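Novice: Mind having a look at this structure? Questions to follow.
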Amino acid sequence: MKAGDVFGGVMDLYSRQIIGWALADPMKTALCVQALQMAYWRRKSPKGLLRHSDRGSQYISHQYCAHLQVMGVQASMNGKGQCWDNVPTERFFRSLKYELLEL
């Protein structure tokens, strides 16, 4: 990991584990698709999934939405200005940043 890299992760909200991730510089749709594909593969193509995210341009792109559709994953996005919808993920990133700064 180098300065400027962006970490994209997919968290299982039940276990609070990161089940898919990717690194890229800069943040692009491909990074989000890679993290999604890893999570889907690691969970052995489960049915009835819901993918919750913020309203970033990567998550509303045609490319990302097409991958969700092919995988049979339903998209869910928080409302504008409703950051509390992503509390578990925000908490993870806070801890990750803290750990990286302490190293």
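To convert, note that position 31 of the sequence shown is 31 in UniProt numbering; the numbers rise steadily by one, no gaps. Every residue gets a Cβ at the ideal spot worked out from N, C-alpha and C, and that includes glycine. Every value quoted in this text rests on a predicted model; they were computed, and no experiment measured them.
(1) If we count the other Cβ atoms within 10 Å of its Cβ and call it buried at 16 or more, is valine 73 buried or exposed?
(2) Return the CA-CA distance between glutamine 34 and serine 95, expressed in angstroms with no decimal places.
(3) Ignoring anything shorter than 3 residues, give me the beta strand (DSSP E) runs that lie fully in the region 37-98, in order along the chain.
(4) Are serine 53 and methionine 77 close, meaning C-beta to C-beta below 8 Å?
(5) Anyone know if the C-beta pair for leucine 36 and valine 6 falls short of 8 Å?
Specialist: Looking at the coordinates:
(1) On the sequence shown, residue 73 is found 73 positions in, with the first residue counted as 1. Valine 73 comes out buried.
(2) For the purposes of this step, residue 34 is taken as the residue at position 34 of the sequence shown. For the purposes of this step, residue 95 is taken as the residue at position 95 of the sequence shown. Spanning the alpha carbons of glutamine 34 and serine 95 requires a straight line of approximately 23 Å.
(3) 50-53, 74-77
(4) Here residue 53 corresponds to residue number 53 of the sequence shown, with the count starting at 1. Here residue 77 corresponds to residue number 77 of the sequence shown, with the count starting at 1. Cβ distance < 8 Å, so serine 53 and methionine 77 count as in contact.
(5) Here residue 36 corresponds to residue number 36 of the sequence shown, with the count starting at 1. Here residue 6 corresponds to residue number 6 of the sequence shown, with the count starting at 1. No; because the gap between Cβ atoms is not below 8 Å, this pair is not in contact.
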